[in-house]
Amino acid sequence: MRDFDYVRPATISEALVAAAEPGSAYLAGGTNLLDLMKGGVTSPERIVDITRLPELNRIETLDDGGLRIGALVRNADLAHDPAFAKAYPAVAEALLSGASAQLRNAATAGGNLLQRTRCSYFYDTASACNRREPGSGCSALGGENRLHAILGWSDACIATHPSDFCVPLVALDAVVEIEGKQGRRHVTLEEFHRLPGDTPQRETVLEPGELIVAIRLPAEAASFAAHARYLKMRERTSYAFAVVSAAAALTVRDGKIRAARLALGGVAAKPWRARAAEAVLLGADADEAAFVRAADAALADASPPGDNAFKIELARRIVVRTLMSALAGTPALMPALPASPFSSLPGVRHDA
Amino acid sequence: MTVRSIRHGDASDGGADAVGGRLSRVDGPAKITGAAKYAVEQQLEGLAHAVLVESTIASGKVRAIASKAAEAAPGVLKVLTPDTIISLRTASDWFGTPPPDKPYCPLARDITFSGQHVAAVVAETFEQAVAAAALVKVSYDETPAIVDLSDGKAGDGIPVDAMTKEWGDAQAAFASAPVRICAAYNTPREYQAPMEPHGLIARWEGDHLTVWEPSQWLDGMARTYAEWFGVPFENVRLVSPYIGGGFGSKALALGHGAVAACAAKMLGRPVRLVMTRPQTFTGYGGRAATRQTVTIGADHDGMIQSIVHRGVNETSIDGMWVEPLGSVTSIMYATPNFSSKQNVVRVNSVVPGAMRAPGENPSAFGIESAIDELSYEVGIDPLEIRLRNYAEQDPEAKKAWSTRQLREAFAAGAERFGWARRTPEPRSMRDGNQLIGWGVAAGTYPVRRAYGEAIVRILADGSVEVESSSIDMGQGTYTILAQTAAETVGVSADDVVVKLGDSRFPRAGVTGGSRLAGVMTGAVHKAATAALDQLVGLAISDPRSPFHALQANTLVVANGRITAPRGDGPDVSISELLESVGRDRIEAVGDTMPANSSAEDRYKNYTTIAMALPHTEGDYSRHSWCAHFVEVRVDEDFGTVRVSRVVSALDSGRLYNPKLAESQWKGGIIMGIGQALLEEGIMDRRHGRIVNNNLADYLVPTNADIPDIEVISVGIPDLHSSVLGGKGVGELAIVGMAPAIANAVFHATGKRVRDLPITLEKLI
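The listed protein sequences derive, respectively, from chains A and B. Count the first sequence with this note's numbering and you get residues 1221 to 1572, in order. Count the second sequence with this note's numbering and you get residues 1444 to 2207, in order.
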């Protein structure tokens, strides 16, 4: 690990000044950044430790009925907040399906948005990676890419965004609150992450030195609480990133879908909002046939960059199952194995 | 987890302290509180830190190593390259084969695999060494690599004649058999992935070397260091008080150890070198990838007429590793005709190594899958077909089994599992979206025997001390040796202190092949018996002893007190007796070597595996046995497999400590679940590099993947196998788990997966 400067600002404005220096990186939970530094994947010259900014550590209900999650709220604290879990059950389930208990205790809401891809070639400094070293090429193309993107990839990069948290958030129209030298701005989460194109190193719309201070959920997001699920296919039951995941939220009246939200994880360089599928669902009968049509619409543009064609069919099936689970209703209790298909059977008590 | 033991094997009813008792791990509190100091945690004055630089190509030559920038970096003491490192001598192998008379360099110029050590940086701090190592630039002349067994350049490999086993006329019998099955079974490269990575601290004092290093074999590793550096064996001391998992990977001194010891010698300072997690995937070998073809000819009643088996395992370009693939194939079932042959194929890999049940593990995946296929072919229950073909004696050695409680294992496991309720058709059991399958498979592991040595001291305070250079890597050596000494001398286990993991102690051979418990309980029993005899002898014959006037032939020692057999004399504590006879200790060395063994024999026994006794020596064939019953649930849409229930019945002979044996069995079962469903070293086929070289991407099971596991002991004491009647425990339970799961997956889905691991895309 290279030597670096360490600063610990006491206010947001101090943090912005400190991070204005080129080569700076904000440190929050550190669950990803420190690993990357130890592995020589990133070598910031200055670490700006924002963990002592108390105003970023709050969960607030807004006057308009929305919710504001401070960027430093820990994943575990958020998921286990009873009011939060009740209003946004799919988000809580996604959080609890991620990483391990120890990591969830450390990882922050803002940091979750900024976690880097798990592409092995990004981590292997002996390999080419346009994301790590722009212009060096993409070793994943033509390499080991069984778990890579099926949507929105480019010849420059086929990596996926690994977050679970972001998947239901993007479905629920979350907004990212960003503080910079020019003041505060708001960007929808859907627009926050960028697809790779020719510049995969630019992963988000954040400008250098900008800081995520909060994530907002609009009032409407809580209206799906009765029919909201997150489902995550992974190779082992816990402590694994998604092969493919999906978040679904429905409003159903008289057997018809009155509102539908759908997003996919593990399929692209960003949490993937499936708007075409939502359009198929809106006004449709709430049944498996509609969900199959929605799944086809969600994956219509999917294509495999390598050995991962199975993920397209898998994603279709996960979309259908997640919608079925959402239709069946949010379980009264958090499943013992959050987001696992092995605890989402209709009629099975989820605390069993 | 549920534990249920039917204890056939516990001869002793002496409570938790005695042999056979369920004493908890005596090293547990130290490990849980962090007081246990592992090898590389030693704090030494002047410690320097070494970091390895590894090849990024799989085949070729190092053209140049640019090290100036690293040498100029802060804190750097030395950059070692093939040109600057001191020259070593080639050491003998673990059989003790005299080595070729040529120098050995642990840093490579000729690259035969990606991740090979090519240089090392030594600095004042670990961070400085890491930073400087990143500045070392190595250039290569790259040549095409043979990536793995499926590489077109790999070829058919080299026949290993010693692996050929044949009787009857297997080909002809197969050709004329009314029922024939033939299938290929593959296992991938797998890794031991111990929690504690490999590493060491090396310190020279003159021509004496001390190495603190996690080790499954202190004396063997000390020999290798001594031979490398050309110093007497006695000059090398290995210290390894605790080991954070080995699974076969910590038995030999390896290249990184040579680098650290060289650096320490060159700098005149102690040097610490610990592998990074990615380096643990290339710094030594995991389980070799294997391929097997199993053909079985049988009659319509499922009686096997012939087995023809062909196996291949990968080895490295310049090393030789044979994973004996016919080892279970040749003994599990009675067959009048048999043929097994094996090749090894050279690929650009680190030389593969031992990993929990090398040989038996992949071998069982072949034969135990194949007989399951046969059972469906002839329409006979998978358990029934195994019983029909039960081998009443060793079909290969044509000798009686010492003990084989496999029939009992099948019966006990089936009963507890509820096997009789199984519906035979694949896809006939379901719960909502989940297909349910029940599978069975058997496992076995040979009883490997060797000789051991220990010292037992009875001290002035009445406590007992045991010393041996054997080790405890979590399996419970500290505990069972305390129980053995406690029972033999007649004290409480609390009053026994066991000291292990120092090559200055009386010697032990390798901790591998499930042999240590049998070897060392025998040695401690012998030493403790000798110490007890001395104690009783003194008590009877010393004029100062309170028992002297009694003129007894013998005395009873129990609970730390000495009494006459009929209770009609004095009752004194051991400590009082020693004080009365003016002794501050009694000590006895015991070993299980043949009486007239030479010093050379002893050295050979403890530092090589050449003296190990064949499991078929004499009149008997000695093995542990097990039967696994597994339930899986498979999500039909997603192809994800979850093991939802395991009942295993196991025959490890007499259990020295059932609690610890059950724990090892369950560990093997869990590792088998990982092997069946998760574990696979994934190669980049262009560069010959391991892609998933970390514990986030190389998947082993988590707690959430593990269901209730019931283990049932069906063993009986087997005195042909060890002094106290135990057979091997540690490796046994992993053998047969992967085929039991694959068989259950077939029963659930109707899909036969013959390539491990069983990942979801193989089922959707």
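C-beta: ideal position from N, C-alpha, C; glycine also.
Item                                                                                                                                                                                    : Value
Could you name the residues of chain B that residue 1340 of chain A contacts, counting a contact when the two beta carbons are closer than 7 Å?                                         : 2134, 2135, 2140
Determine, using beta carbons only, whether residue 1364 of chain A comes closer than 8 Å to chain B.                                                                                   : yes
Let me know the secondary structure DSSP gives residue 1364 of chain A once reduced to three states.                                                                                    : coil
So, helix, strand or coil for residue 1339 of chain A, using DSSP?                                                                                                                      : coil
With the cut-off set at 8 Å, would you say residue 1838 of chain B and residue 1802 of chain B are in Cβ contact?                                                                       : no
Check whether the segment 1542-1549 of chain A and the segment 1382-1395 of chain A are in contact - that is, three or more C-beta pairs closer than 8 Å.                               : no
Run through the segment 1234-1297 of chain A for me and flag every whole alpha helix (DSSP H) of 4 or more residues, listed as ranges in chain order.                                   : 1253-1258
Look up residue 1521 of chain B in the DSSP assignment and say whether it is helix, strand or coil.                                                                                     : strand
Strictly below 9 Å CB to CB, what residues from chain A border residue 2145 of chain B?                                                                                                 : 1320, 1456, 1457, 1458, 1459, 1460
My assumption, with CB atoms under 8 Å, is that residue 1232 of chain A sits in contact with residue 1399 of chain A. Please give the rounded CB distance.                              : 6 Å
Considering only the beta carbon of each residue, do residue 1530 of chain B and residue 1548 of chain B sit closer than 8 Å?                                                           : yes
Applying the 10 Å Cβ sphere with the 16-neighbour rule, what's the burial state of residue 1564 of chain A?                                                                             : With a pLDDT of only 49 at residue 1564 of chain A, under the threshold of 50, the placement of this residue in the model should not be trusted; the figure read from the coordinates follows. It counts as buried.
Give, in chain order, every unbroken run of the beta strand (DSSP E) that is at least 3 residues long and sits entirely within the segment 1872-1951 of chain B.                        : 1877-1889, 1896-1902, 1907-1910, 1939-1942
Scan the segment 1292-1328 of chain A and note each continuous alpha helix (DSSP H) run of 4 residues or more that stays entirely inside, going in chain order.                         : 1295-1299, 1302-1307, 1309-1316, 1321-1326
Please confirm if residue 1534 of chain A has its CB atom under 8 Å from at least one CB of chain B.                                                                                    : yes
Work out the CA separation of residue 1782 of chain B and residue 1524 of chain A for me, nearest whole Å.                                                                              : 45 Å
What's the C-alpha gap between residue 1506 of chain B and residue 1528 of chain A?                                                                                                     : 37 Å
Taking one C-beta from the segment 1737-1750 of chain B and one from the segment 1619-1628 of chain B each time, how about it: are there three or more such pairs within less than 8 Å? : yes
Is there at least one Cβ from chain B nearer than 8 Å to residue 1273 of chain A's Cβ?                                                                                                  : no
Report the rounded CA-to-CA distance for residue 1565 of chain B versus residue 1514 of chain B, giving the unit in angstroms.                                                          : 9 Å
Residue 1699 of chain B lies in the alpha helix (DSSP H); which residues open and close that run?                                                                                       : 1698-1710
Quick check on residue 1377 of chain A: does DSSP put it in helix, strand or coil?                                                                                                      : strand
Is the beta carbon of residue 1906 of chain B closer than 8 Å to that of residue 1943 of chain B?                                                                                       : no
Based on Cα-Cα distance, which residue from B/1764, B/2033, B/1708, B/2009 lies nearest to residue 1969 of chain B?                                                                     : B/2033
Given that a residue counts as buried once 16 or more other Cβ atoms are within 10 Å of its Cβ, and exposed if not, what is residue 1826 of chain B?                                    : buried
Using a Cβ-Cβ cut-off of 8 Å, state whether residue 1351 of chain A counts as contacting chain B.                                                                                       : no
Starting from the Cα of residue 2112 of chain B, find the closest Cα among B/2090, B/2041, B/1460, B/1478 and give me that residue.                                                     : B/2090
Per DSSP, what kind of secondary structure is residue 1806 of chain B in: helix, strand or coil?                                                                                        : helix
Could you pull the DSSP bridge partners for residue 1653 of chain B from this structure?                                                                                                : B/1646, B/1680
Nearest CA to the CA of residue 1356 of chain A: which residue from A/1341, A/1368, A/1502?                                                                                             : A/1341
For residue 1346 of chain A, go through chain B and note every residue whose CB falls closer than 7 Å to its CB, in chain order.                                                        : 1499
Exposed or buried, which one is residue 1314 of chain A when buried takes at least 16 other CB atoms within 10 Å?                                                                       : buried
Taking the DSSP output, what are the residues bridged to residue 2006 of chain B?                                                                                                       : B/1999, B/2014
Could you tell me if residue 1625 of chain B is buried or exposed, where buried requires 16 or more neighbouring beta carbons within 10 angstroms of its beta carbon?                   : exposed
Which residues of chain B have a Cβ atom closer than 7 Å to the Cβ of residue 1222 of chain A, listed in chain order?                                                                   : 1574
Determine whether the Cβ of residue 1260 of chain A lies closer than 8 Å to any Cβ atom of chain B.                                                                                     : yes
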